[in-house]
Amino acid sequence: MSDAYRQTWDLSIKHPEAFWSQAARAIDWITPPDTTYDPDRGWFAGGTLNTAWNAVDRHVANGRGEDCALIYDSPVTGTVERWTYAGLQDEVGRVAAMLEARGVGRGDRVVIYMPMIPQTVFAMLACARLGAIHSVVFGGFAAHELAKRIDDATPRALLTASCGIEGSRTIAYKPLVDEALASAQHEVESVLVFQRPQVAAELRAPRDHDWAALREETAHLPIPPCAEMAANDPLYILYTSGTTGTPKGVVRENGGHAVNLAWSMPAIYDVGPGDVFWAASDVGWVVGHSYIVYAPLLAGATTVLFEGKPVGTPDAGTFWRVIQRHKVKTFFTAPTAIRAIRKEDPEASFLQEIGTGDLKVIFLAGERADPETISWAEEHTRLPVIDHWWQTELGAPAIATCFGLGDTRRKRGSAGFPVPGNAFAILGEDGQPVPDGKSGAVVMREPLAPCAFRTLWNNPAGYAKNFTSFPGFYETGDAGHFDAEGFLHIMGRTDDIINVAGHRLSTGQMEQIVATVDGVAECAVIGADDALKGQIPIAFVIPRAGASDLESLAPRVIAEVRSELGAVAALKTAFVVPQLPKTRSGKILRNVLRKIMNGEDFPPPPTIEDPGALDAIRAVVFPKAAA
19 MSDAYRQTWD LSIKHPEAFW SQAARAIDWI TPPDTTYDPD RGWFAGGTLN
69 TAWNAVDRHV ANGRGEDCAL IYDSPVTGTV ERWTYAGLQD EVGRVAAMLE
119 ARGVGRGDRV VIYMPMIPQT VFAMLACARL GAIHSVVFGG FAAHELAKRI
169 DDATPRALLT ASCGIEGSRT IAYKPLVDEA LASAQHEVES VLVFQRPQVA
219 AELRAPRDHD WAALREETAH LPIPPCAEMA ANDPLYILYT SGTTGTPKGV
269 VRENGGHAVN LAWSMPAIYD VGPGDVFWAA SDVGWVVGHS YIVYAPLLAG
319 ATTVLFEGKP VGTPDAGTFW RVIQRHKVKT FFTAPTAIRA IRKEDPEASF
369 LQEIGTGDLK VIFLAGERAD PETISWAEEH TRLPVIDHWW QTELGAPAIA
419 TCFGLGDTRR KRGSAGFPVP GNAFAILGED GQPVPDGKSG AVVMREPLAP
469 CAFRTLWNNP AGYAKNFTSF PGFYETGDAG HFDAEGFLHI MGRTDDIINV
519 AGHRLSTGQM EQIVATVDGV AECAVIGADD ALKGQIPIAF VIPRAGASDL
569 ESLAPRVIAE VRSELGAVAA LKTAFVVPQL PKTRSGKILR NVLRKIMNGE
619 DFPPPPTIED PGALDAIRAV VFPKAAA
């Protein structure tokens, strides 16, 4: 065990105020906090700051204006562009002037519905500069879902682009925006549209404004100063899907967010000023907010903004090319991206040809990284591959191997150890701790770390529900266990623990076994309703590219689970499918698979990346109906 990790974690738990007070020194405060933590006012109460200043302006003020801040790499358009910190400061300032000219100011909400282009980053930071609250909705999201978020956030302005590019598809955004605005109850005063060359958007006067024209019209205006924000003032609202169909608006506060993220870059990722960091995510998700836009810039590093896919833009070597081209030191992606690359290039021929350049470590998050995927990545990259865990609600990693603290311990199948500032427990249904090795509800002791949410937008009652099942603890909704060595294993959502004839079984554990079967590229196991046993497990597997003997794949999957878990596992059905339904962030929509198996009617989830995956699954599961 790394002494630095153990000492840091011990200090953070035994003396949290001293620990986070020290971390807060990495941030420029306009007014220093009068206390580190107050139960009513939150973290760093009394302090004032500006997040955009800390992410951009202060680096220029400290003489680093010519250092590279942002690299935009877009294989779908053949574009690579770079901005220094001084250049980024100018771009952010000009967008802030545009917004201010349209009446946007401190406390106003701004919805950003844009693709993975630099203007999206400029817009987020411009809102932070003005003290406006941004709410990013990833581009291409369904119009009715966008309308829900508009009605909840009641924005003064909406920023969009004429289109997004998803692999080989070009998606026009403006018709979706117009449809959402027509159905929303709230009226948005201004819509700013960045016209991309691939699609021209139709503008509707007087509401709509051309981005480039408005930038030119406001070029004579001074750049607005950075607004002085209280530590507990909202920085942004990020919506997650709610269980009732109503989106939950997670509110992130300025002070705790800046301190926690600035601390995490050197401590977890070993990234500091001048290092190149790449999070291959979308700015519409929490990873994109925290680790594309804010954390790398707060740390004075260079962040990579990538517009493309792990495969198909143009091939399974695109990640390695970006890493090599830009001298990426630390890479962060989702397990599903590695599985997609492995499926297309199982022998890692692109990786062997291109290499990994200056890369030191790969981090995975977004969903559980199965041991087989980590094994493949470590074998072929010859680098540490670290799974870690967090949630939109938390805003920053809570379980990890803290690489920057000199810790390299990892166990395939585990997300690592509690990150300093986070205290976990595994509780049974009675609220009592369960023994090591036994699965239970994964909970976190209050108060949560500074980056975590303290409310939901317009929904304080919904926020409070997260703390009612286990008083004094935040219920993560995940099931897992500690092992004897202290590694924390997240096995899936608590509703992925299925009850088969009175036996509580983990579908995550079954997936771990299925993933080891030769020829399996990716898999999911769900619990389907059964009249006799209550629930039964069903496996779905995607074969690896070039895999032979596909007819035996399903029987071998069933046999392997039976061999490992015994007949009690009751896995008797496995489907070989061409694809799995996923969100754009790469999470497998297991609840959708469950509904398909249960014969439920449901609309395509708004978060699904490819609705065609549903028909592909149904064609395999119900071939007669498809015929």
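Numbering (the working numbering), first residue to last: 19 to 645.
Glycine included, C-beta positions come from ideal geometry on N, C-alpha and C.
Note that the structure is a prediction, hence the values are computed from the model and not measured.
Do you know how far the Cα of residue j is from the Cα of residue i?
{"i": "residue 193", "j": "residue 315", "result": "33 Å"}
{"i": "residue 262", "j": "residue 480", "result": "Model confidence at residue 262 stands at a pLDDT of 49, short of 50, so the residue's coordinates are unreliable and nothing is read from them."}
{"i": "residue 165", "j": "residue 117", "result": "21 Å"}
{"i": "residue 641", "j": "residue 592", "result": "14 Å"}
{"i": "residue 225", "j": "residue 153", "result": "19 Å"}
{"i": "residue 639", "j": "residue 427", "result": "41 Å"}
{"i": "residue 537", "j": "residue 90", "result": "36 Å"}
{"i": "residue 635", "j": "residue 606", "result": "13 Å"}
{"i": "residue 235", "j": "residue 563", "result": "53 Å"}
{"i": "residue 331", "j": "residue 420", "result": "32 Å"}
{"i": "residue 324", "j": "residue 139", "result": "12 Å"}
{"i": "residue 86", "j": "residue 299", "result": "20 Å"}
{"i": "residue 327", "j": "residue 451", "result": "42 Å"}
{"i": "residue 219", "j": "residue 167", "result": "22 Å"}
{"i": "residue 462", "j": "residue 442", "result": "5 Å"}
{"i": "residue 83", "j": "residue 313", "result": "18 Å"}
{"i": "residue 557", "j": "residue 55", "result": "47 Å"}
{"i": "residue 453", "j": "residue 502", "result": "9 Å"}
{"i": "residue 182", "j": "residue 213", "result": "11 Å"}
Buried or exposed for residue i, going by 16 or more other Cβ atoms inside 10 Å?
{"i": "residue 611", "result": "buried"}
{"i": "residue 155", "result": "buried"}
{"i": "residue 264", "result": "exposed"}
{"i": "residue 25", "result": "exposed"}
{"i": "residue 590", "result": "exposed"}
{"i": "residue 550", "result": "exposed"}
{"i": "residue 32", "result": "exposed"}
{"i": "residue 231", "result": "exposed"}
{"i": "residue 30", "result": "buried"}
{"i": "residue 395", "result": "buried"}
{"i": "residue 553", "result": "buried"}
{"i": "residue 524", "result": "buried"}
{"i": "residue 238", "result": "exposed"}
{"i": "residue 180", "result": "buried"}
Could you say which of the options lies nearest to residue i if we only look at CA atoms?
{"i": "residue 542", "options": "553, 507, 595", "result": "595"}
{"i": "residue 473", "options": "207, 453, 460, 410", "result": "410"}
{"i": "residue 321", "options": "350, 468, 200", "result": "350"}
{"i": "residue 302", "options": "494, 536, 615, 602", "result": "602"}
{"i": "residue 162", "options": "637, 634, 622, 530", "result": "622"}
{"i": "residue 46", "options": "576, 476, 273", "result": "273"}
{"i": "residue 500", "options": "561, 433, 471", "result": "433"}
{"i": "residue 390", "options": "506, 530, 255, 337", "result": "530"}
{"i": "residue 364", "options": "379, 354, 334", "result": "334"}
{"i": "residue 175", "options": "114, 462, 429, 568", "result": "114"}
{"i": "residue 27", "options": "238, 425, 233", "result": "425"}
{"i": "residue 93", "options": "396, 343, 198", "result": "343"}
{"i": "residue 62", "options": "341, 35, 288, 279", "result": "35"}
{"i": "residue 423", "options": "287, 254, 207, 100", "result": "287"}
{"i": "residue 467", "options": "565, 282, 535, 239", "result": "282"}
{"i": "residue 185", "options": "329, 202, 254", "result": "329"}
DSSP puts residue i in a beta bridge; with which residues?
{"i": "residue 152", "result": "128, 254"}
{"i": "residue 247", "result": "67"}
{"i": "residue 600", "result": "606"}
{"i": "residue 349", "result": "296, 380"}
{"i": "residue 281", "result": "The partner list for residue 281 (beta bridge, DSSP) is empty, contrary to what the question assumes."}
{"i": "residue 321", "result": "88, 295"}
{"i": "residue 214", "result": "217"}
{"i": "residue 469", "result": "DSSP output for residue 469 lists no bridge partner at all."}
{"i": "residue 405", "result": "382"}
{"i": "residue 591", "result": "556"}
Could you check whether the Cβ of residue i sits closer than 8 Å to any Cβ belonging to chain D?
{"i": "residue 607", "result": "Included in the structure is just one protein chain, with no chain D present."}
If you check the beta carbons only, do residue i and residue j fall under 8 Å apart?
{"i": "residue 305", "j": "residue 317", "result": "no"}
{"i": "residue 510", "j": "residue 526", "result": "yes"}
{"i": "residue 437", "j": "residue 417", "result": "yes"}
{"i": "residue 532", "j": "residue 575", "result": "yes"}
{"i": "residue 276", "j": "residue 72", "result": "yes"}
{"i": "residue 379", "j": "residue 348", "result": "yes"}
{"i": "residue 148", "j": "residue 242", "result": "yes"}
{"i": "residue 150", "j": "residue 111", "result": "no"}
{"i": "residue 142", "j": "residue 346", "result": "no"}
{"i": "residue 271", "j": "residue 249", "result": "yes"}
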